[in-house]
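Notes to accompany the following structure.
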Amino acid sequence: MGDVQVAECNRAAVNDTRTLNADGALAHFAAAQCDQVELCIKSADKERSFTVELARTTAEQAKGMMHRTSLADDRGMLFPYDRPNVLSFWMKNTLIPLDIIYIRADGSIESIITAEPLSLESVSSGEPVVAALELRGGLAKEKGIKIGDVVRWAK
Numbered sequence: 003m004g005d006v007q008v009a010e011c012n013r014a015a016v017n018d019t020r021t022l023n024a025d026g027a028l029a030h031f032a033a034a035q036c037d038q039v040e041l042c043i044k045s046a047d048k049e050r051s052f053t054v055e056l057a058r059t060t061a062e063q064a065k066g067m068m069h070r071t072s073l074a075d076d077r078g079m080l081f082p083y084d085r086p087n088v089l090s091f092w093m094k095n096t097l098i099p100l101d102i103i104y105i106r107a108d109g110s111i112e113s114i115i116t117a118e119p120l121s122l123e124s125v126s127s128g129e130p131v132v133a134a135l136e137l138r139g140g141l142a143k144e145k146g147i148k149i150g151d152v153v154r155w156a157k
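Given below as structure tokens:
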């Protein structure tokens with residue numbers, strides 16, 4: 003999935019860990035341990051690019067977006083897995099709403115769930131998937147991202 007050529011996306015790792023939040027203030031984005039990559043979501047009519055942290059290790063996945071107070075519209079976190087699994091996430095210690103986007107092995111979006119801050123309720127994919135993408139809550143709807151759109155990133 004990540005090896006597909008995506009001409010419009012910069013496939014190089016991103017080292018800048020600062021971004022402006024919605025109020026224009028400088029916000030620290032990345033956990034020091036997480037690598038970052040460019041990720042693209044392609045709809046029928048548009049392509050959207052994001053810089054995402056890769057939560058690969060168990061520790062990175064367990065921490066996720068916990069304790070963050072903001073997330074810029076062009077940032078997110080990707081949880082990639084080697085094999086398809088039914089995935090479940092919760093929002094323990096997560097202070098901001100997040101869109102959790104579940105991604106199939108072919109890169110297509112299986113489901114999009116807006117999760118509420120601090121909720122202990124599990125939100126699961128409806129079928130085995132290879133990744134979950136977290137974006138600011140409500141952003142998928144605002145940007146017209148929908149089930150069936152295709153997600154690509156450099157592995």
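Heads up: the sequence shown begins at 3 in my numbering, then just goes up one per residue. For every residue, glycine included, the Cβ atom is placed at its ideal position computed from N, Cα and C.
Distance between residue j and residue i (C-alpha atoms, nearest Å)
| i | j | result |
| --- | --- | --- |
| Ile52 | Ile115 | Here residue 52 is Phe; the residue named in the question, Ile, does not match the sequence. One C-alpha to the other measures close to 18 Å. |
| Ser45 | Val152 | 7 Å |
| Asp84 | Asp75 | 27 Å |
| Thr60 | Tyr104 | 18 Å |
| Ser110 | Met68 | 26 Å |
| Arg70 | Ala107 | 29 Å |
| Val6 | Ala133 | Unreliable positioning characterises Val6 in this predicted model, as indicated by a pLDDT of 35, which lies under 50. A coordinate reading is not provided. |
| Leu80 | Asp47 | 23 Å |
| Leu89 | Leu141 | 21 Å |
| Lys143 | Ile149 | 11 Å |
| Glu62 | Cys36 | 7 Å |
| Lys157 | Pro86 | 16 Å |
| Glu55 | Ile147 | 19 Å |
| Arg50 | Arg138 | 14 Å |
| Ala57 | Gly66 | 7 Å |
| Glu40 | Pro82 | 14 Å |
| Arg154 | Lys145 | 17 Å |
| Pro119 | Cys42 | 25 Å |
Check whether residue i and residue j have beta carbons under 8 Å apart
| i | j | result |
| --- | --- | --- |
| Met93 | Ser121 | yes |
| Glu112 | Val131 | yes |
Among the options, the one whose alpha carbon lies nearest that of residue i
| i | options | result |
| --- | --- | --- |
| Ala64 | Thr96, Gly128, Arg138 and Val131 | Thr96 |
| Glu136 | Lys148, Ile149, Pro99 and Glu49 | Pro99 |
| Cys117 | Glu129, Leu89 and Asp101 | The sequence given here places Ala at residue 117; Cys does not occur at that position. Of the candidates Glu129, Leu89 and Asp101, the one whose C-alpha sits nearest the C-alpha of Ala117 is Asp101. |
| Arg77 | Gly146, Gln38 and Phe91 | Gln38 |
| Gly128 | Cys42, Pro82 and Phe91 | Phe91 |
As assigned by DSSP and simplified to three states, the class of residue i
| i | result |
| --- | --- |
| Lys44 | strand |
| Glu49 | strand |
Which residues DSSP lists as bridging residue i, in chain order
| i | result |
| --- | --- |
| Gln38 | Glu55 |
| Asp101 | Thr116 and Leu137 |
| Gly78 | Val54 |
| Ser110 | Val152 |
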